[in-house]
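One gets the working numbering by counting positions in the sequence shown from 1 and adding 23 to each.
For every residue, glycine included, the Cβ atom is placed at its ideal position computed from N, Cα and C.
For reference, the structure is listed below as structure tokens.
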Amino acid sequence: MSEYILAAKGTSNNLLRRDIRFLANILGEVLVGQGGEELLNVVEKIREMSKSMRLAYDSDIYKEYMSTIHSLSPVIRHQVIRAFAIYFQLVNIAEQNHRIRRKRDYDRTAGETIQPGSIESIIKELQIRDITAEEIQDILEGISLELVMTAHPTEATRKAVLDIHHRIADQMMELDNPMLTYREREQLRNCLHGEILALWQTDELRDRKPTVLDEVRNGLYYFDETLCDVLPEVYAELERCLEKYYPDQSWHVPTFLRFGSWIGGDRDGNPSVTSSVTFEALGMHRQLALQKYEETLREALNYMSFSTSIVKVTDELLKSIEDERDCMDLDIEDAWRNEKEPYRIKLTYMLEKVQNTGNPHFHNPSARYWSPDEFIRDLQIVDRSLRSHYAGQLADRFIRKLIRQVELFGFHMSTLDIRQHSKEHENAISEIFRIIGLTDNYGELPEDGKVALLTEVLNDPRPIISPYFEYSESTTECLNVYRTVQAAQKEFGVNCIKSYLISMTQSASDLLEVMVFSKEVGLYRRDKEGNLICTLQPVPLFETIDDLHDAPAIMATLFAIPAYRDAVASTNNQQEIMLGYSDSNKDGGVLTANWELRLALKDLTETARAFSVKLKFFHGRGGALGRGGMPLNRSILAQPPETIGGGIKITEQGEVLSQRYAMKGIAYRSLEQATWALLTAAVMSRHPQSDIHEHKYEMIMKQISEASLKKYQELVFGDPDFMAFFRESTPLPEVGELNIGSRPSKRKNSDRFEDLRAIPWVFAWTQSRYLFPAWYAAGSGLNSYYQGRAENMKQLQKMYAKWSFFRTAIDNLQMALAKADLNIAREYGKMVKDREIAERIFQEIKNEFKLTSELILKITGQKEILDNVPILQESIKLRNPYVDPMSYMQVQLLTELRDCRERGIEDEGLIREVLLTINGIAAGLRNTG
């Protein structure tokens, strides 16, 4: 424990290394206790040889290394895999704790050093730039960021394991407490030993796929554990900084940052997400929201002992208590009997009303809250009274925070989006139109004919569905979804579901079909004055490169239709549009996808502006680089500033949720950085600083993108052997057995590239260390402009220095190249049966990797990849020797498993070991899909 006693003397990075060494030592003790000295010696031998090979490749060490791995008995091999996997789990915990430690170091020196990327840093900068309080208020009222949790299956870690991680993290943070005695430190070390032992003895693999409602619970876990507390803290910090730097203004920041969810609403390719499951998910949302409010009210009750014998409360508070006595009967056990403690009496009534709100069988209209606004009004009565006798500190601690929570979470916790594939709507509309005799072949009509027919139906108040008609099962379920939305908005409030996303949107009719269904259940209707009311907005999801090209024309067609434009007007002239980063990347490669997305953002913004419509862009980013993944603040700043005016939505998927939101300190920092980035982008959009060379940069980027697309598609679509290479040289077939999501890995039971989801595509390439989707074809694209000309390289270097889009693209490529390892990837290539195919395609990938790396170093002027981010560079270098053994063992296990399966043998032990390596590599690389 001496290293902890000397903690205060260490530098920041020394403290991180100390924590890793401390946890690794305990893991070593657990290994000895569970597997004897032999297990620890084998793990140490493999680790040392792996480190030696990373320092300098030696063929003799390589042969001994491979011999050692291949000679392991199944029992020892199993334990070795788990040892390396658990080591990475502990390293990840230490790194996350260290981030919190560094943040706290800044906070301790507040007033002296302001942390870059903090809320205070941007507010201070605005003051220095003479941005007025009035303009800041205007900015705050105009910005919007919604972070949307998805159930995409990329979280490879079980919740039971995450709970252990959480306890280890808390205990490690406690060890930093300088007031601990030696005995207390020893007790903490014993507790940590117990937790790491529990981690060793806990099965990290799920025994079944999670149900949709399991996934809903997993998503709500983050609201319960962190977000309900952390989000109000972000708002409180923003208000603190505004009051500090703009003291002459009274501040209550409007709601601009909130969370949404797809979990329980995303039915695209997932038959388990039924209309009844969606309604049940919303009920679980409300239950948690009310539970959190009840907990806070009960805690506040303990502190509200203010007596009217000593203080004078407001008449408003006393009247509200009398009003509630007149219409509510509390059980004698529940009533607060001390008449001189009015706050406790008031909070008791409020508790009763909150409990009744969640009871669908309770019918006394005066004894429940019918809307969050009613609850807020009661809270404000309490808040004003507390401040009237100078109890503002308690008002801030409980009531003001609770008001903010209700503003953020309402009675629905988070807004749930619905998503379905466009083809499902077309099939249902075709059946309905055929039954009522409108047309027998709707699906075969030209697009103009579809638009004309759907518009006619929208303008006709008569219904097209009837309870007397019989529909197919799929059409009935399609209609039930809209009925469920209508019922949910009535039960949980209109904010519980507002958007209906349409996957693979390829035409205007795809949106009009959704609007027709909405009309049938009253979600699209006209009032007595003829004003159109639309409480469910159809949201196009443009995913492929071709769809991105067509998107502006599709939206222009829709905005020109009065029936559609009136619906947009009813939502404050705002249209939401989602852009898919995953499928566009899978379709065209990383550079082309990012370029085409940028063009689409700008072109769509121009199109909407012509119709006086504001756009809210929904960015469908994954966690991995190959799916648009990057830190939250960078993903906000990556957008062209002129495209953020209507608000931003961003998906938060899979392992990103646990990395960003499992710990309060990390969650706070992520959301603080997001707020900083959003305010920075908003100011940039109002005060643009255009570069006169940007048009030239864009012309160069267009050339680079076209060449990159050609190179990418020549291999992925043009080489008939590419898919066989991909399936055989990665763990793609086995990824589906990991039980990490309720959704199938393919949209259809098909081996076609088009039907493969982007998540397993990226996941499999990441596991095999290629990281192919995150960098392939970038080098050829860049080289198409460079062509060995010094003046062209100078231009690329200038673009990197001056143009944020290009710099972000290049830096993301650096991250991918640093995490990729083609020496390891070559081992996976040995699993391809046709050696000619294996060598040919591997050599193609290797040449492109070499070209891309060389050009990146020339453009950045660096000696090594990631010299610009030394902390990340060091982290990857330190992690690689520990990931490598799991990769080599995964290749061996996959080879054995596939050989068994070809002979008709199912070896459960082998399958389990393969899945353990998948989990371990995911933890080591900190990315799945």
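R206: member of the alpha helix (DSSP H) spanning Y205 to W223, first to last residue. Comparing C-alpha distances from S607 to each of I422, G643 and T580 shows the shortest one belongs to G643.
Going by DSSP, C501 is part of the alpha helix (DSSP H) stretching over E496 to F515. Taking the C-beta atoms as reference points, S437 is found no nearer than 7 Å to L477. When DSSP states are grouped into helix, strand and coil, Q416 belongs to the helix group. The alpha carbon of F246 has as its nearest neighbour, out of R208, Y269, Y316 and F279, the alpha carbon of Y316.
For I525, the beta-bridge partners assigned by DSSP are Q443 and P563. Per DSSP, K267 is one residue of the alpha helix (DSSP H) stretching across C251 to Y268. In this structure C350 is exposed. Its beta-carbon is surrounded by fewer than 16 other beta-carbon atoms within 10 angstroms. Between the alpha carbons of A156 and Q272 lies a gap of roughly 7 Å. Of the candidates A304, T249 and V276, V276 places its Cα closest to the Cα of R427.
Under DSSP, Y80 shares a beta bridge with no residue.
Taking the C-beta atoms as reference points, N482 is found no nearer than 7 Å to A623. Cβ-Cβ distances below 6 Å link T831 to A661 in the same chain, with the five nearest sequence neighbours on each side left out; the list follows chain order. In the three-state DSSP reduction, E135 falls in the coil class, being neither helix nor strand. Sixteen is the threshold: since fewer than 16 other Cβ atoms of the shown chains lie within 10 Å of the Cβ of H718, the residue is exposed. Beta-bridge analysis with DSSP links R548 to I556. When DSSP states are grouped into helix, strand and coil, E169 belongs to the strand group. Counting C-beta pairs with one atom in each stretch, the region 577-592 and the region 551-564 have three or more that are closer than 8 Å, which means they touch.
Q119 and I689 have their C-alpha atoms spaced approximately 7 Å apart. Under the three-state reduction of DSSP, S94 is assigned to coil, being neither helix nor strand.
Close CB contacts of E266 within its chain, under the 7 Å cut and outside five residues either way in sequence, are with W274 (chain order). The DSSP-derived three-state label of F282 is strand. The Cβ atoms of R77 and P904 sit closer than 7 Å to each other. Residue pairing from DSSP leaves G466 without any beta-bridge partner.
In the DSSP annotation of this structure, the continuous segment of the alpha helix (DSSP H) that includes H572 starts and ends at I568 to F582. Contact between the region 630-642 and the region 679-687 is absent: fewer than three C-beta pairs spanning the two stretches fall below 8 Å. Between the C-alpha atoms of K733 and D573 there is a straight-line separation of about 20 Å.
For L627, the closest C-alpha among the options N595, G668, Y547 and G612 is that of G668. By the CB criterion at 7 Å, S453 and G466 fall inside the cutoff. Here T380 really is in contact with L313; their C-beta atoms are around 6 Å apart, less than 8 Å.
Per the DSSP secondary-structure output, I673 pairs in a beta bridge with L170 and H642. Nearest C-alpha to R442 among E347, P561, T337 and T875: P561. The continuous alpha helix (DSSP H) containing M707 extends over residues K687 to R709. Taking C-alpha positions only, I92 is separated from I69 by approximately 8 Å. In this structure M578 touches T630 by the C-beta definition: roughly 5 Å separates them, less than 8 Å.
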